[in-house]
Amino acid sequence: MAAAFALVVIVRRLRGHAFNPYFVPVIVATGWLGSWLHEQERAAMIWSVTGVAILAWIATQAKAKPESQGEAPPKHRPWAYGPIGRTVVMLVAVYHLVAVASTQIPDKFSWSTFHKPADETFKLWLSTTQTGQGWGMFAPNPPRRNVFMRVTVTTKAGETFDLNTDVYACLMPDATEESATRSIPCLGSGTRASAR
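Under the working numbering, residues 20 to 215 are what the sequence shown spells out, in order.
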């Protein structure tokens, strides 16, 4: 909803329209009502997002007065991506910050009721961006193995064996179908590493 609101207002402002602040309570109430109806399983969330976008468009119908536009922009090089691109980047950055922060709040007191739903909400984003965090390293018994390290053993004869300990090894360019479908094997069943 925030993204729909921000994008509509930014686009309308770029076209010379002013935002009417008296619409803010109506827009907030619409977003809240849509979220509540979605929670009660009476309406899909898309209707709430659509309602907020329509109200944001209505709130920006008036043309902006020249005196309310502020001073003219400086003649130096403009910022990157333009206003819409900066808005999108800001929304992604805020979403990512909330995703990481919400999973790091300890599961205590009132947060315990929200912790599992928040984890489920952001699980796909954190796994896709590979930015999941963990406090295990600060525990009294921290993890003592690195599942992302590739371990190879070279014998006296010069043969090199890959112990297949890297969980991302199946994504390497030299990965075979066998190494991609196999779970981490025991020490004695390593495969020869490819020559590099």
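Cβ atoms here follow ideal geometry from the backbone N, Cα and C, with glycine treated the same way.
Round the Cβ separation of residue i and residue j to the nearest angstrom and send it over; I've been treating them as touching at under 8 angstroms.
| i | j | result |
| --- | --- | --- |
| residue 182 | residue 171 | 7 angstroms |
| residue 53 | residue 64 | 7 angstroms |
| residue 30 | residue 103 | 7 angstroms |
According to DSSP, what are the bridge partners of residue i?
| i | result |
| --- | --- |
| residue 82 | 36 |
In the DSSP assignment, find the unbroken beta strand (DSSP E) run with residue i in it and report its ends.
| i | result |
| --- | --- |
| residue 181 | 179-181 |
| residue 173 | 171-173 |
Can you tell which of the options has its C-alpha closest to the C-alpha of residue i?
| i | options | result |
| --- | --- | --- |
| residue 155 | 24, 32, 125 | 125 |
| residue 73 | 101, 60, 21 | 21 |
| residue 106 | 47, 25, 158 | 25 |
| residue 83 | 37, 168, 96 | 37 |
| residue 42 | 35, 66, 70 | 70 |
| residue 48 | 129, 144, 98, 67 | 67 |
| residue 146 | 175, 122, 100 | 122 |
Looking at the secondary structure, which residues open and close the alpha helix (DSSP H) in which residue i lies?
| i | result |
| --- | --- |
| residue 42 | From DSSP, residue 42 is part of no alpha helix (DSSP H); its letter is neither H nor E. |
| residue 61 | Careful: residue 61 lies outside any alpha helix (DSSP H) and carries neither H nor E. |
| residue 99 | Neither: residue 99 is in no alpha helix (DSSP H) and is coded neither H nor E. |
| residue 128 | Residue 128 -> no alpha helix (DSSP H), and no H or E assigned at all. |
>> Below 8 angstroms, how does it come out for the segment 110-120 and the segment 74-84: are there three or more Cβ pairs, yes or no?
In response: no
> Do three or more CB pairs link the segment 117-124 to the segment 133-142 at distances below 8 angstroms?
Replying inline: yes
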